[in-house]
Amino acid sequence: MIMTFWSDRNMKTLQTQAPPQTFMSFWAFLLMTLCLVPISPAESANQEREDRLTEEMEANLFDGDVISLLPDGGTFAAVEMESQADSTRGGIILLHGRGFHADWPENIGPLRVGLSEAGWHTLSLQMPVLEKSAKYFDYLPVLPEALPRIDAAIAHLSDQDISPVVLLAHSCGAHMAMLWMEQNGDSGIDAFVGIGMGATDYKQPMRHLFPFASVAMPVLDLYGEEDFPAVHRMAAERLDLMNKGGNPLSQQIVSAGADHYFTDRSDQLTEEISTWLDSLGWD
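Here our numbering is used: the first residue of the sequence shown is 1, the next is one more, and so on.
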């Protein structure tokens with residue numbers, strides 16, 4: 001059993017019968033008009049904004065190296081950092097939150113560095129982004145764009161014989177990771193860490209279910225005591241699904257005093273994740 005820990009006026013219309021030619025002309029006009037209307041493409045990520053975020057990240061990067069990975073012929077940036085300990089405990093793939101970059105200084109940046117200092121080979125991926133005002137429903141058509149990036153990251157670590165592999169995701173990154181797990185299960189990864197899972201916007205409920213009942217790997221569900229209401233509201237559901245998954249090493253942890261972004265609590269975030277990883281007994 002997994003436990004939760006606290007650390008319109010009506011209008012009259014004059015009806016007249018139009019001659020057949022009128023109807024034929026109307027439908028011909030309508031058909032011609034429809035043929036001239038361009039069909040809007042499906043929503044896709046904002047590559048220009050992603051490029052700007054990557055440039056910002058590169059200009060301020062102190063620890064690790066920016067590399068390019070190739071999913072399905074396209075490239076995206078990632079920050080790679082080797083273990084800073086005497087040995088490598090495994091690899092951790094990190095997915096940042098909505099609208100951020102792979103070294104966001106508030107959370108994912110110090111987290112990846114702290115985990116590398118604890119002996120992990122970290123790979124923080126730049127995820128697809130939209131404009132700043134975009135909401136959860138705006139991101140739904142974009143989520144699949146993240147899947148080849150996760151695949152590329154797993155392959156990159158595998159090419160270096162780095163294992164075990166942990167997939168770690170925060171906020172919108174967790175939606176992307178869970179869609180990947182919905183399609184792939186736990187193939188290629190050995191554990192999952194979800195931070196602030198279930199975060200959406202007002203009157204925009206989740207469209208993809210938590211996949212934890214169908215994976216056998218250990219799962220850490222970590223969220224802040226002051227996290228968003230949706231994250232708290234769905235905590236019991238997440239816990240139940242994790243129990244159905246059946247891994248005794250899975251845990252749900254409420255981080256004392258932390259908000260959704262772990263503002264001013266990056267050390268606390270790193271410590272709680274590191275402690276859970278230690279409990280897996282991989283060393």
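Here a beta-carbon is modelled for each residue, glycine too, at the ideal position from N, C-alpha and C.
Identified DSSP bridge partners for residue i
i    : result
T122 : M81, I92
S68  : A77
E226 : D259
L169 : Rather than Leu, the amino acid found at residue 169 in this sequence is Ala. Partner(s): L95, G194.
Burial state of residue i (16 or more Cβ within 10 Å)
i    : result
H284 : Residue 284 lies beyond the stretch modelled for the chain, which goes from 1 to 283, so this question has no answer here.
L34  : Reliability fails at L34, whose pLDDT of 37 lies under 50, so the model's placement of it is uncertain and the value that follows must be treated cautiously. Looking at its Cβ environment, which holds fewer than 16 other Cβ atoms inside 10 Å, L34 is exposed.
L70  : exposed
S83  : buried
D86  : exposed
R52  : exposed
F62  : exposed
S40  : With a pLDDT of 34 at S40, under the threshold of 50, the predicted position of this residue should be treated as unreliable, though the coordinate-derived value follows. Under this definition S40 is an exposed residue.
P211 : buried
S255 : buried
Q252 : buried
A152 : buried
P141 : exposed
W276 : buried
A155 : exposed
P229 : exposed
A134 : buried
G114 : buried
E272 : buried
G257 : exposed
I67  : exposed
F26  : Unreliable positioning characterises F26 in this predicted model, as indicated by a pLDDT of 42, which lies under 50. The coordinate reading is nonetheless provided below. Exposed, because fewer than 16 other Cβ atoms sit within 10 Å of the Cβ of F26.
Given residue i as reference, the closest of the options once Cα atoms are compared
i    : options                : result
L249 : A213, A191, I108       : A191
P218 : W120, I189, S68        : I189
A216 : R112, G246, D159, C172 : G246
S124 : Q47, M57, L220, A45    : M57
I108 : W282, T200, G194, Q252 : G194
A59  : H121, V79, A45         : V79
G74  : S187, M178, Q47        : Q47
A169 : E55, D72, I162, M181   : M181
A118 : R238, V254, S274, I253 : S274
G198 : G173, N184, I253       : G173
G224 : S171, Q183, M206       : S171
E50  : G64, G91, R89, H96     : H96
N184 : P148, F76, T54         : P148
D65  : M81, I162, R89         : M81
H121 : L157, P110, I67        : L157
K203 : A45, Y136, G196, M176  : Y136
L94  : D186, W282, T200, V165 : V165
D138 : T200, R112, P105       : T200
E226 : I162, D259, G91        : D259
D159 : P144, L220, G91, G196  : G91
A45  : M178, I150, E145       : E145
S187 : D267, S214, L269, Q268 : S214
S163 : L179, L220, R89, L269  : R89
L111 : M176, L143, Q268, W282 : Q268
L280 : L239, L220, L241       : L220
E106 : T270, W282, D278       : T270
I150 : F76, P205, M206, W282  : F76
L143 : M206, M242, D283       : M206
Exercise. Assess, as a yes-or-no matter, whether the region 262-276 is touched by the region 231-243 under the definition of 3 or more beta carbon pairs within less than 8 Å.
Key: no
Quiz item: Below 8 Å, can you find three or more Cβ-Cβ pairs linking the region 91-104 to the region 127-135?
Solution: yes
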